[in-house]
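My numbering applies: residue -13 is where the sequence shown begins, and numbers increase by one.
We treat Cβ as the ideally placed atom computed from N, Cα and C, and that holds for glycine.
Please read the structure below before turning to the comments.
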Amino acid sequence: MSQTLHKFFTTGEFAKLCKVKKQTLFHYDEIGLLSPEITNDKGYRYYSYHQFDVFSVIQLLKEVDMPLKEIKLFLENKTPVELIELLKNKSKEIDIKISNLKGIQKIIQKKIELTERALTIDYSQITLQEQEEERMFLSGSILDCSDKGFLKSVSTFIEFVKDNQLDIGYPIGAMVSKEQVEQGDYENYSYLYTRMEQLDPQIACYVKPKGLFVVAYHKGSEEFIHQTFEKMQDFIRTNNLVLTNYTYEEYVLDEISVSGSEDYVTEIMMHVERV
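This is the structure in structure tokens:
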């Protein structure tokens, strides 16, 4: 090797430096994206250390989902101004991705928190609890809704929650009116809900009131959830309480965390007051 070539990397050495396989460099050369600075008479390829910066930019643009074809076109027609504009646009895209990833991380942390809480609960107990007020986003009314109307309302609700980034890891719950509970019409929901941790002045929210709640847990299929509702109503009568507002129900364990519906757990919270 000549003295001059001592300052250059072989394909293998440059691939190791870039932490890629040699085939990646061969492919980049083949499509005209990044060619070795020197190819001698015997076909040996050599890369300069300056080309590491070019390779790094190519990898950076790949990481932000820019196709190799577009990267090649940019590199063939590049100017400093165009580079600045491209990188500014990619920086904005990265900011959006970071924001989305932070949202995903928040959902994951909330799922962990709620599932850990679920493992500490005695599902056989019915308790009377003082609960703080909570802010919720509600669906449109689904009381006495047809199956088709119900599906449409649920779809509209979920789309709004997703589009406005209201999903922060809490389960979607359902509200049952006092009248429906007293009539034994437990699955005739009034609204669906999801909790909100931050207020948005442009989004109307419902405030679940502070107060006393009878809390129970139904384990198993919703087919038999009426049995848990009836036990709760017996508890209310025995303890000189009356229903005052909505009942709230939501899964604490569902198909994400358990294998069969027989192990699903639904938390039911009935708003009550003392007689």
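Can you tell me whether DSSP reads residue i as helix, strand or coil?
i       : result
Lys88   : helix
Thr106  : coil
Glu(-1) : helix
Phe12   : helix
Leu59   : helix
Phe123  : strand
Ile254  : strand
Thr142  : helix
Gln115  : strand
Val67   : helix
Glu23   : coil
Excluding the 5 residues flanking residue i on each side, which residues of the same chain have their C-beta closer than 8 Å to its C-beta?
i      : result
Glu119 : Val193, Lys194, Pro195 and Lys196
Lys92  : Ile154 and Gly155
Ile80  : Val50
Lys8   : Thr(-3), Gly(-2) and Ala1
Leu105 : none
Val261 : Asn226, Leu227 and Val228
Residues in the same chain with beta-carbon distance under 6 Å from residue i, minus the five sequence neighbours each way, listed in chain order, please.
i      : result
Val201 : Thr113, Gln115 and Met255
Thr252 : His204, Glu235 and Tyr237
Ser139 : Ser125, Gly126 and Ile128
Gln188 : none
Leu11  : Thr(-3) and Ala1
What do you get for residue i, buried or exposed, if any count of 16 or more other CB atoms within 10 angstroms of its CB means buried?
i        : result
Pro22    : buried
Gln37    : buried
Ser262   : Beyond the ends of the chain as shown, which are -13 and 261, falls residue 262; an answer cannot be given.
Tyr35    : exposed
Thr(-5)  : This sequence places Phe at residue -5; Thr is not what is there. So Phe(-5) counts as buried.
Val162   : buried
Met(-13) : Residue confidence for Met(-13) is low, a pLDDT of 48 falling below 50, so the modelled location carries little weight and cannot support an answer.
Thr142   : exposed
Ser132   : exposed
Phe210   : exposed
Gln(-11) : Low confidence applies here, because Gln(-11) scores a pLDDT of 46, under 50, leaving its location unreliable and the question unanswered by this model.
Ile222   : buried
Thr233   : buried
Leu59    : exposed
Thr214   : buried
Ser176   : buried
Are there any heavy atoms of the ligand NAD lying less than 8 Å away from the beta-carbon of residue i, as far as the coordinates show?
i     : result
Lys48 : With respect to the ligand NAD, the structure offers nothing, as it holds no ligand at all.
Apart from the five residues on each side of it in sequence, which residues of its chain come closer than 7 Å, Cβ to Cβ, to residue i?
i      : result
Glu56  : none
Ile44  : Leu19, Leu20 and Ile57
Tyr109 : Tyr203, Lys205 and Val251
Met122 : Tyr179, Thr180, Arg181, Met182, Cys191, Tyr192 and Lys194
Phe41  : Cys4 and Leu20
Arg31  : Thr(-3), Pro22 and Thr25
Asn231 : Lys164, Pro195 and His257
Cβ contact check for the segment 64 to 77 and the segment 161 to 170: 3 or more pairs under 8 Å = Result no; under three Cβ-Cβ pairs closer than 8 Å.
Are three or more beta carbon pairs between the segment 153 to 161 and the segment 179 to 193 nearer than 8 Å?
-> yes
Counting pairs of Cβ atoms below 8 Å between the segment 230 to 240 and the segment 145 to 155, do you hit three or more?
-> no
The segment 12 to 26 / the segment 63 to 73 touching (three or more Cβ pairs under 8 Å) = no
What residue ranges within the segment 122 to 210 form continuous alpha helix (DSSP H) runs of no fewer than 4 residues, ordered along the chain?
-> Runs of the alpha helix (DSSP H) inside the segment 122 to 210: 133 to 149 and 164 to 168.
Does the segment 209 to 227 come close enough to the segment 83 to 91 that 3 or more CB-CB pairs lie under 8 Å?
-> no
Taking only runs of the beta strand (DSSP E) that begin and end inside the segment 223 to 251, which ones reach a length of at least 3 residues, in chain order?
-> 227 to 239
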